[in-house]
Amino acid sequence: MAGSRRAFALFDRDGTLMEDRGFLSDPGGVVLLPRAAEGLRLFRRLGFGLLVVTNQSGIGRGYFTLSDYEKTASRLDLLLKESGVSLDGTLMCPHAPEECCACRKPQTGLVERAAREWGFDPKDCIVVGDKLSDMQLARNLGCRSILVRTGHGRETERRCPRNWDLAAEDVMEAASLVEAEAGKEEGL
Ligand SMILES: [Mg+2]
Ligand SMILES: [Zn+2]
1 MAGSRRAFAL
11 FDRDGTLMED
21 RGFLSDPGGV
31 VLLPRAAEGL
41 RLFRRLGFGL
51 LVVTNQSGIG
61 RGYFTLSDYE
71 KTASRLDLLL
81 KESGVSLDGT
91 LMCPHAPEEC
101 CACRKPQTGL
111 VERAAREWGF
121 DPKDCIVVGD
131 KLSDMQLARN
141 LGCRSILVRT
151 GHGRETERRC
161 PRNWDLAAED
171 VMEAASLVEA
181 EAGKEEGL
């Protein structure tokens, strides 16, 4: 990790940490992906802060309300807590694509604001996600990216190869790759 500042790992939510149910509004539909919590715990042990960055255009499109979203977010927090890990925060864009906001991934608005508030450098982050927009977020931030082959990950890999730094089966393998690199840097 560069410098003394804390680095953050930025996780996509749907298809990366939990099943992508498509415009999920029912907290009962929140299902953690296998080894997602384990992977988050390893990122935590490696010294990363843990943030979720999620596009929830279902709000802007009128498919569900902010309050529905908050219930699914709380459910995810609870399931993670039960699995022994807590996120430092969740950054969410509620806008529809045609609103042309500055915060919908791959735009960097949410992360830049969080970086100012928390005093981290976006370039020190690692983005972990299953879609091209996640990988483009990393490129726009000037940071590294890991594609996971959960959710839409395999489709992303097939359609747009090599738009990321590393590819992993899931969040746990992503964490293991980062751990192996950290070991190499220390000459282990
Ligand atoms: Mg996703
Ligand atoms: Zn937005």
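For the record, in the sequence shown the residue sitting at position 187 is 187 according to my numbering, with numbers rising by one throughout.
Each residue gets a CB set at the ideal place from its N, CA and C atoms; glycine is no exception.
Taking 7 angstroms as the line, does the beta carbon of residue i fall inside it for any heavy atom of ligand 2?
i: Cys101; result: yes
i: Arg104; result: yes
i: His95; result: yes
Buried or exposed for residue i, please, with buried defined as at least 16 other CB atoms from any protein chain shown within 10 angstroms of its CB.
i: Lys81; result: exposed
i: Arg113; result: exposed
i: Pro122; result: buried
i: Cys100; result: exposed
i: Thr65; result: exposed
i: Leu10; result: buried
Is residue i helix, strand or coil when you go by DSSP?
i: Met18; result: strand
i: Ala2; result: Here Ala2 scores only 44 on pLDDT, less than 50, and its place in the model should not be relied on; the value that follows carries that caveat. In this structure, Ala2 counts as coil in the three-state DSSP scheme.
i: Thr156; result: helix
i: Gly89; result: strand
i: Leu241; result: As displayed, the chain neither begins before 1 nor continues past 188, which places residue 241 out of reach and without an answer.
Look up residue i in the DSSP assignment and give the residues it is bridged to.
i: Ala168; result: Val148
i: Ala9; result: Leu50, Ile126
i: Gly109; result: Partner(s): none; Gly109 has no beta bridge.
i: Asn140; result: Bridge partners of Asn140: none, in fact.
Cβ-heavy atom distance between residue i and ligand 1 below 7 angstroms?
i: Thr90; result: no
i: Gly58; result: no
i: Gly183; result: no
i: Val20; result: Just to set this straight, residue 20 is Asp in the shown sequence, not Val. Indeed, a heavy atom of ligand 1 lies less than 7 angstroms from the Cβ.
i: Gly15; result: yes
i: Gly39; result: no
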